[in-house]
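Note that the numbering used here has the sequence shown beginning at 11, numbered continuously upward.
Don't be surprised by glycine CBs; every beta carbon is placed ideally from N, CA and C.
In what follows, a structure is listed as structure tokens, so that the remarks can point back to it.
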Amino acid sequence: MYKPEYLFGTDVPELGTTLNVAPGVYWLRMPLPFQLNHINLWLLEDGDGWTVVDTGIARDEVKEAWKILAATYFSRDKPLKRIIVTHYHPDHVGLAGWMCEEFGVMLSMPLTEWSFAKMFSLDTGQAKRDDFTAFYRGAGFDAAMTKEVNGRIGRYPNVVSPIPNSFVRIGEGDELSIGGRNWRVIIGTGHAPEHACLYCDEAKILISGDQILPRISPNVSVWPQEPTANPLALFLSSLDKFRNLPANTLVLPSHDWPFHGLLQRLDDLRLHHQERLEKSWQACATSATGFDVLKALFNREFDAHQLFFAIGEALAHVHHLEASGRVSRHRDRSGVDYFKQIT
Ligand SMILES: [Zn+2]
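Spelled out as structure tokens, the structure:
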């Protein structure tokens with residue numbers, strides 16, 4: 011497997027400071043309270059001000075770090091002018107509402123991502139969810155596991171500040187002028203519904219968000235809100251959009267480190283999913299539930315948080331196999347889906 015070439019090795023900016031990755035482009039990091047313990051954000055010089063890409067999760071230590079950064083970088087002569095958010099996940103949009111108020115700026119975001127953020131931020135988890143229960147039971151979870159994963163729903167408002175009621179829509183092919191340079195919006199799918207990446211041809215820089223990461227593969231999951239989805243097909247086809255970017259593109263991902271080697275990384279991600287598809291297919295030699303496929307793919311114990319993502323990933327692979335005519339689905343009387351190889 012190709013090893014990406016990291017611009018700064020494994021050096022990272024200290025909390026509340028930045029590293030200059032290219033003229034006018036600064037890298038900063040914010041902590042995350044998960045196993046994946048950080049997110050990368052980007053500060054772009056924008057003429058007489060600044061544009062920031064992504065915001066961090068809504069927690070006090072992240073706000074404090076923003077206050078330190080603001081004191082260092084933002085001034086009356088050179089204020090923060092715009093916040094761009096790649097997608098609705100809490101580590102990206104978490105502090106957008108707070109920052110828009112604090113600095114008096116607008117949020118720019120794809121329509122679907124803003125809508126999802128708004129929708130989830132209003133969902134306190136109190137609603138009746140028989141359909142979600144049916145989804146997890148259908149995937150082969152027992153009653154206790156179903157209760158655990160359902161218990162994770164409604165936590166979004168705890169980790170995002172209120173989403174702004176108004177926003178600026180960005181979408182596929184838009185050219186954003188930032189600091190006199192054009193940044194083109196490239197929309198990725200599969201990880202999030204309308205994930206914005208930003209590419210500057212003049213600087214040969216791609217802000218890839220979570221769509222392309224150098225070390226881990228982005229989560230691609232079927233969620234109970236859209237139980238018949240085939241997100242892996244969306245993810246793989248949207249990766250092809252990045253193939254015509256120059257081989258020497260510097261990629262700025264949301265996790266781990268800035269890197270060179272975009273085209274090889276695209277090949278690796280495709281290969282990774284091909285291997286996972288084969289493993290999933292083998293797991294369906296005799297009838298297998300989504301949970302059986304999960305066990306074959308991961309082969310380790312999970313806590314509820316990990317289980318929530320792992321079942322989504324397992325279903326993403328079997329749904330892709332089903333759509334390609336490689337497995338069939340049979341639902342038993344209790345509503346559990348069984349997948350079986352078509353040979
Ligand atoms: Zn994400």
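- Taking the Cα positions, H329 is about 11 Å away from W291.
- If the five residues before and after P234 are omitted, its C-beta is found closer than 6 Å to the C-beta atoms of F142, F145, all from its own chain and listed in chain order.
- Following the DSSP letters along the chain, one finds A293 inside the alpha helix (DSSP H) bounded by residues 272–293.
- Per DSSP, the unbroken alpha helix (DSSP H) holding V103 starts and ends at 100–103.
- Restricting attention to D58, P14, H340, R194, the CA atom closest to the CA of G34 is found in D58.
- Restricting attention to R286, A293, G183, H315, the CA atom closest to the CA of Y348 is found in A293.
- Distance from the CA atom of S297 to the CA atom of S338, rounded to whole angstroms, is 9 Å.
- A check of alpha carbon separations from P167 across L105, T156, A202, F151 identifies L105 as the nearest.
- Taking one beta carbon from each stretch, the stretch 168–185 and the stretch 258–265 have fewer than 3 pairs nearer than 8 Å; the two do not touch.
- Restricted to the stretch 305–338, the alpha helix (DSSP H) segments that are unbroken, complete and at least 4 residues in length are 314–333, listed in chain order.
- No heavy atom of ligand 1 is found nearer than 7 Å to the CB of D64.
- As DSSP reads the structure, N30 sits in a beta bridge with Y36.
- Taking the Cα of A149 as reference, the smallest distance to any Cα among F318, L90, E15, R336 is reached at F318.
- The beta-carbon separation of A320 and A243, rounded to 20 Å, does not stay under the 8 Å limit for a contact.
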